[in-house]
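What follows is a single structure, written as structure tokens, with notes after it.
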Amino acid sequence: MIISAGQYAVYTHKGSYSLLDSFYNAILNNLPPQYILGEGLILEHYLNSPVETTENELLTEVLLPIVRQDK
């Protein structure tokens, strides 16, 4: 996989993977006003394992490609 270079907003979700949908809704609706969602993949980086970690302690980084809007 090739990941495009660019600017990404990075957010960390703590908790069950089943709550990621609502987390995505929250962050996509609350991007800083000077930025819009860019083209490219939204990435998830799992920081710990569900085999070794309780569900409420799972950590997932979400990386959103962003572009600064011209004013």
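Mapping the sequence shown onto the UniProt record's numbering, position 58 (from 1) lands on 58, and the numbers just tick up by one.
Glycine included, every Cβ here is placed at the ideal spot set by N, Cα and C.
Could you give the uninterrupted runs of the beta strand (DSSP E) lying entirely in the UniProt domain "GyrI-like small molecule binding" (2-66), keeping only those of 3 residues or more? Annotation note: the UniProt domain "GyrI-like small molecule binding" (2-66) contains the following uninterrupted beta strand (DSSP E) runs of length 3 or greater, listed N- to C-terminal: 8-14, 35-37 and 43-46.
In chain order, what residues of the same chain have a beta carbon less than 7 Å from the beta carbon of Tyr8, not counting five sequence neighbours either side? Excluding the 5 residues flanking it on each side, Tyr8 has same chain C-beta neighbours closer than 7 Å at Leu63, Leu64, Pro65 and Ile66, in chain order.
Classify His13: buried if its beta carbon has 16 or more other beta carbons within 10 angstroms, exposed otherwise. Burial call: buried.
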